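Q: Residue numbers (the working numbering): 35 to 476. Ideal Cβ placement from N, Cα and C applies to all residues, glycine included. Here the structure is a predicted model, which means the values were calculated and not measured. Before I ask anything, let me first share the structure, which is written out below as structure tokens.
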């Protein structure tokens, strides 16, 4: 059966839920920061990047090279169980990632398909570590009293353990059984249009720390890990002060828990650095990653080596059939080469600062939104109400810009890392058009 762009949605609706965009992506004509809709012939500026997972735009020239195409086609013919069958392509990826992306002092890696499963295995790392710290070394020992301390407005995935942690919208986790693990408030910064913190953030942090103290009082030494996104994405693009993250590091050290940063959305140069946490003075013990990295996983520091038979040393403690996807690994290896060669990190920082400055100017001119915030390609602003947010996203689509919601009333941009200043100016111009249109409809 030949499917035309005009009947893509009708075909899909026969077999699955189709509540995504009305577009039909043309994989040949989409280029750089532009998504081409083959149904309408219209080009959309991509401030969405497949939920921050597609880093270097569509049909990057280096992905069109004969050598790369030969490599990725060759590995796609056979799906390898990477955990048990090793290839030169796997070794090239692991070496590139381990030497150019992972920071020093993080020798342990684990690969898996899916961001939620990356978080799951970070939790398993912590549970195993904590159980053995407590002297529970027999695999039949009861460890059901171990818990994970986590935060309100968190999104860590939709599978298994992670459903007990995700708490953005109830339709994502409601009616599924969950663990009652300790959850504390989120002391995020609120900003004015100049980037200054305007809420009483120290008081907010103090309240959260009191809740953390209470959680440790209730659960004693059974908290295996403190889990946080260094910037909450779906929960509202919520930023934390370095001082608060330092406090979490102190809790983890003093209470013998692992500090886990979930960087599935923020990692791999999205902030202008390889990892969002590198903008702080705080080093986590374990980091989960995914999306832009194509294949997902975790890396961990030497603190886990306080237990000699940790999950990175003991066979089969954490594993999966495929051990990630070799096609994704080959693609990520190419991404790493491009990012290093073209100094993409600096470009992301410069373009991000330009977009933030432009959005703040629009905010001051129009009053349509406030609290412009972000680092690198991870940018957001807040509108007066959920209704205004829906209207803003619709108006942006009318201006051919694809953006995302986050939190209760915020809009987030997830920009391609290759976005230029000229592309950014086009985004800002279209945002102005959307705001002008919004003023006549809301």
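Looking at the unbroken beta strand (DSSP E) that takes in residue 409, where does it start and where does it end?
A: That run of the beta strand (DSSP E) goes 404-409.
Q: Would you mind working out which of 431, 422, 437, 418 sits nearest residue 412, comparing C-alpha positions?
A: Checking every option, the nearest Cα to that of residue 412 belongs to 437.
Q: With contact counted as at least three CB pairs below 8 Å, one residue from each stretch, are the region 226-245 and the region 118-131 in contact?
A: As far as the Cβ criterion goes, the region 226-245 does not touch the region 118-131, which means the pair count is below three.
Q: For residue 79, which beta-bridge partners are listed by DSSP?
A: Per DSSP, 68, 435.
Q: Classify residue 429: buried if its beta carbon has 16 or more other beta carbons within 10 angstroms, exposed otherwise.
A: Classification for residue 429: buried.
Q: So, are the CB atoms of residue 59 and residue 453 less than 9 Å apart?
A: Cβ atoms of residue 59 and residue 453: not closer than 9 Å.
Q: Verify whether the separation of the beta carbon atoms of residue 317 and residue 139 is less than 9 Å.
A: Yes, the pair counts as a contact, with Cβ atoms nearer than the cut-off.
Q: Would you report the Cα separation of residue 207 and residue 215, rounded to the nearest angstrom?
A: Going by the C-alpha atoms only, they are around 14 Å apart.
Q: Find out if the Cβ-Cβ distance for the pair residue 143, residue 298 is shorter than 9 Å.
A: Not closer than 9 Å, so no.
Q: By DSSP's criteria, residue 331 is part of a beta bridge. Which residues make up the other side?
A: Note: residue 331 sits in a beta bridge opposite 145, 323.
Q: Does DSSP classify residue 161 as helix, strand or coil?
A: Three-state DSSP puts residue 161 in a helix.
Q: Report all residues from its chain with a CB closer than 7 Å to the CB of residue 102; omit the five preceding and five following residues, and keep chain order.
A: These residues qualify, in order along the chain: 96, 368.
Q: Skipping 5 residues on each side, what residues in its chain have a beta carbon closer than 8 Å to that of residue 277?
A: Only 239 meet the Cβ criterion.
Q: Out of curiosity, what's the CA-to-CA distance linking residue 466 and residue 448?
A: Distance between the alpha carbons of residue 466 and residue 448: 18 Å.
Q: Would you identify the three-state DSSP class for residue 425, choosing helix, strand or coil?
A: Three-state result, residue 425: helix.
Q: Measuring alpha carbon to alpha carbon, tell me which of 469, 269, 129, 400 ends up nearest residue 433.
A: Nearest option by C-alpha distance: 469.
Q: Should residue 326 go down as buried or exposed, given a rule of 16 or more other Cβ atoms within 10 Å for buried?
A: The residue in question, residue 326, is buried, as its Cβ has 16 or more Cβ neighbours within 10 Å.
Q: Given a cut-off of 9 Å, decide if residue 267 and residue 423 are closer than it, judged by their beta-carbon atoms.
A: No, the pair does not count as a contact, with Cβ atoms beyond the cut-off.
Q: Comparing alpha-carbon positions, which option in 377, 177, 328 lies nearest residue 359?
A: Among 377, 177, 328, the Cα nearest to that of residue 359 belongs to 328.
Q: Is it the case that the region 382-401 contacts the region 37-47, given that we only count it when at least three CB pairs across the two stretches are under 8 Å?
A: They do not touch, by the three-pair rule.
Q: To the nearest angstrom, how far is the alpha carbon of residue 84 from that of residue 284?
A: Each residue's Cα considered, the two are about 36 Å apart.
Q: Kindly list the residues whose CB is nearer than 6 Å to the CB of residue 481, restricted to its own chain and excluding five residues on each side of it in sequence; keep chain order.
A: Residue numbering for the chain in the displayed model covers 35 to 476; residue 481 lies beyond these limits and cannot be assessed.
Q: What whole-angstrom Cβ distance do residue 186 and residue 217 have, given they're in contact under 8 Å?
A: About 6 Å; that satisfies the 8 Å criterion.
Q: Please report the residue range of the beta strand (DSSP E) in which residue 293 lies.
A: Its beta strand (DSSP E) spans residues 292-297.
Q: Just curious, the alpha helix (DSSP H) that residue 394 is in, first and last residue?
A: It spans 378-400 - the alpha helix (DSSP H) in which residue 394 sits, taken as one unbroken run.
Q: Name the residue from 79, 52, 35, 212 whose alpha carbon lies nearest to the alpha carbon of residue 464.
A: Among 79, 52, 35, 212, the Cα nearest to that of residue 464 belongs to 79.
Q: Looking at residue 261: is its Cβ nearer than 9 Å to the Cβ of residue 156?
A: Contact flag set, yes.
Q: Helix, strand or coil, according to DSSP, for residue 351 in the structure here?
A: Residue 351 falls in the coil class under three-state DSSP.
Q: Can you tell me whether residue 71 is buried or exposed? The criterion is at least 16 other CB atoms within 10 Å of its CB, across all chains shown.
A: Buried.
Q: Look at the alpha carbon of residue 488 and the alpha carbon of residue 348, and state the distance between them as a whole number of angstroms.
A: The requested residue 488 is not part of the displayed model; the chain covers only 35 to 476.
Q: What's the gap between the Cα of residue 75 and the Cα of residue 455?
A: Those two C-alpha atoms are separated by around 25 Å.
Q: Which partner residues does residue 265 have in the DSSP bridge list?
A: Answer by DSSP bridge pairing, in chain order: 273.
Q: For residue 213, which residues of its own chain have a beta-carbon under 6 Å away from its beta-carbon, when the five flanking residues on both sides are left out?
A: Cβ neighbours of residue 213 beyond the five flanking positions: 198.
Q: Just to confirm, are residue 322 and residue 117 a CB contact at a threshold of 9 Å?
A: Their beta carbons are not under 9 Å apart, which means residue 322 does not touch residue 117 by this criterion.
Q: Check residue 412 in the structure and name its three-state DSSP category.
A: The answer is strand: DSSP assigns residue 412 an E or B state.
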